[in-house]
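Reading through the structure tokens given below for one structure.
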Amino acid sequence: MASTTGNPFVPALAVAAAMVSQYAGAAFAKHLFPLVGSEGVVALRVGLSALILLGWLRPWRGLPTRAELPTLLLYGVTLGCMNLLIYRAFALIPIGIAVAIEVTGPLALVLLSSRRPRDFSWLACAAFGLWLLLPLHAGAADLDPKGIAYAFGAAACWALYIVFGKRASSVQGGGVVAWGMLAASLFIVPVGAFYAGSSLLAPNVLVGGLAVAVLSSALPYTLEMIALRRLPRRVFGIMVSSSPAVSALAGFAVLGERLGAIQWLAIALVMLASGASAWTGTRDA
4 MASTTGNPFV PALAVAAAMV SQYAGAAFAK HLFPLVGSEG VVALRVGLSA LILLGWLRPW
64 RGLPTRAELP TLLLYGVTLG CMNLLIYRAF ALIPIGIAVA IEVTGPLALV LLSSRRPRDF
124 SWLACAAFGL WLLLPLHAGA ADLDPKGIAY AFGAAACWAL YIVFGKRASS VQGGGVVAWG
184 MLAASLFIVP VGAFYAGSSL LAPNVLVGGL AVAVLSSALP YTLEMIALRR LPRRVFGIMV
244 SSSPAVSALA GFAVLGERLG AIQWLAIALV MLASGASAWT GTRDA
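Note that our numbering has the sequence shown beginning at 4, numbered continuously upward.
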């Protein structure tokens, strides 16, 4: 089992840096959507990240055992699906709103591991936040239903990513992220090539895709793997609860996406529910 002892500042800082990098890269990626679509951008992000990580980490120096391969495969599949679904959501709804929906995946993970009724009060808080956020009442902003569905799909994949990422972090020899990204690229790159075709090879697209790959995959997933080795799963959930705010600020800074007061209140409620449920869940850990 991965160690969770020692100074928590370094892994916490790694998670914070990972979120800033990931959502700054995601906001920049939306500029490439008109050229190759969200599927093409994800293909570049995952494929180029796999190449970068394989060249940097050289994971073949410590090959995983046959028993470890299923865990790495599941980690890679959930990683690829999470990327594809959330980028499809980004194409249709603001980044901050998509991530506020997506973060309910880790929240559900915490609640499913809890047996205390008081923890489920945070479920009501998150549900109210989602009710404010989604087009379920007269004062809500209009949102694309497909974008909402993609964001909820990404939420499920994020929960699985945490579970399988925690298991994969104990794989011997290092290079876990490289193997996982390679597994993800085996099905994500063909999907992107099918949608975007030869446009993926345009020089400006490749340069932009490389920037997205570094900012949104290679760097943040490496930092998260460092954190997962030293942070319990629920503590990791506390950290990522701030993702909606980080992503919304990135969307505003890079894309000019402005959210209304009700939307910010809804995001705050989801963040409160996610962070508080993870906090109460760690008290006995």
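Backbone N, C-alpha and C fix where the C-beta goes; we use that ideal spot for every residue, glycine too. Computed from a predicted structure; not experimentally measured.
Close Cβ partners of residue i (< 6 Å) along its chain, the five nearest in sequence each way excluded
i	result
proline 223	Ala21, Ser24 and Gln25
arginine 170	Thr74
isoleucine 2	Residue 2 is absent from the model: the chain starts at 4 and stops at 288.
isoleucine 229	Ala17
leucine 57	Ala181
glutamate 260	Pro97 and Gly254
leucine 213	Leu51
methionine 2	Nothing about residue 2 can be read from this structure; the chain reaches only from 4 to 288.
leucine 146	Ile96 and Pro138
C-alpha gap between residue i and residue j, whole angstroms
i	j	result
glycine 99	threonine 225	23 Å
valine 45	arginine 233	29 Å
alanine 19	phenylalanine 239	11 Å
leucine 204	glycine 211	11 Å
alanine 129	arginine 64	45 Å
proline 148	phenylalanine 12	40 Å
alanine 5	glutamate 227	Below a pLDDT of 50, predicted positions are generally treated as unreliable, and alanine 5, at 44, falls in that range; the measurement from the model is reported next regardless. Their Cα atoms are separated by approximately 14 Å.
alanine 127	leucine 268	15 Å
leucine 76	valine 179	10 Å
threonine 107	serine 277	7 Å
proline 62	arginine 69	15 Å
arginine 121	isoleucine 270	21 Å
alanine 15	arginine 119	26 Å
valine 208	leucine 38	8 Å
alanine 256	histidine 34	13 Å
methionine 184	serine 116	27 Å
proline 138	leucine 60	45 Å
tryptophan 282	glycine 200	46 Å
proline 206	methionine 85	27 Å
proline 193	valine 217	20 Å
proline 235	valine 215	28 Å
Beta carbon of residue i nearer than 8 Å to that of residue j
i	j	result
phenylalanine 93	alanine 29	yes
glycine 83	phenylalanine 190	yes
alanine 186	glycine 79	yes
arginine 48	serine 219	yes
leucine 258	alanine 157	no
arginine 111	alanine 27	Note on identity: in this sequence residue 111 is alanine, with arginine being the wrong assignment. Cβ distance not < 8 Å, so alanine 111 and alanine 27 don't count as in contact.
leucine 231	serine 188	no
serine 250	valine 113	no
leucine 252	glycine 132	no
glycine 254	proline 67	no
Supposed contact pair residue j and residue i - C-beta distance, whole angstroms, cut 8 Å
i	j	result
glycine 195	glutamate 42	5 Å
serine 52	alanine 248	That pair is no contact at about 25 Å.
phenylalanine 31	isoleucine 104	At roughly 21 Å, the Cβ-Cβ gap does not stay under 8 Å, so phenylalanine 31 and isoleucine 104 are not in contact.
Cut-off 7 Å between Cβ atoms - residues of its own chain near residue i, not counting five sequence neighbours on either side
i	result
glycine 263	Ala144
tyrosine 198	Gly40, Glu42 and Gly43
methionine 274	Ser244, Ser245, Pro247 and Ala248
threonine 81	Cys160, Leu163, Tyr164 and Phe167
phenylalanine 36	Val44 and Ala94
arginine 91	Ser41 and Tyr153
arginine 280	The residue asked about is misnamed: residue 280 is serine in this sequence, not arginine. Counting only Cβ-Cβ distances below 7 Å, and skipping sequence neighbours, we find Leu110, Val113, Leu114, Asp122 and Trp125.
Three-state secondary structure assigned by DSSP to residue i
i	result
glycine 28	helix
threonine 68	coil
isoleucine 352	In this structure the chain extends from 4 to 288, so residue 352 is not present and cannot be described.
proline 193	helix
proline 148	helix
valine 180	helix
glycine 200	helix
glycine 254	helix
threonine 260	Per the sequence shown, the amino acid found at residue 260 is glutamate instead of threonine. If DSSP states are grouped into helix, strand and coil, glutamate 260 belongs with coil.
leucine 139	coil
serine 116	coil
serine 245	coil
alanine 205	coil
valine 106	coil
arginine 232	helix
serine 220	helix
arginine 61	coil
serine 124	helix
Close Cβ partners of residue i (< 8 Å) along its chain, the five nearest in sequence each way excluded
i	result
leucine 135	Ala143, Ile265, Gln266, Leu268, Ala269 and Leu272
Chain C within 8 Å of residue i, Cβ atoms only
i	result
isoleucine 55	Here chain C cannot be found, since the structure has a single protein chain.
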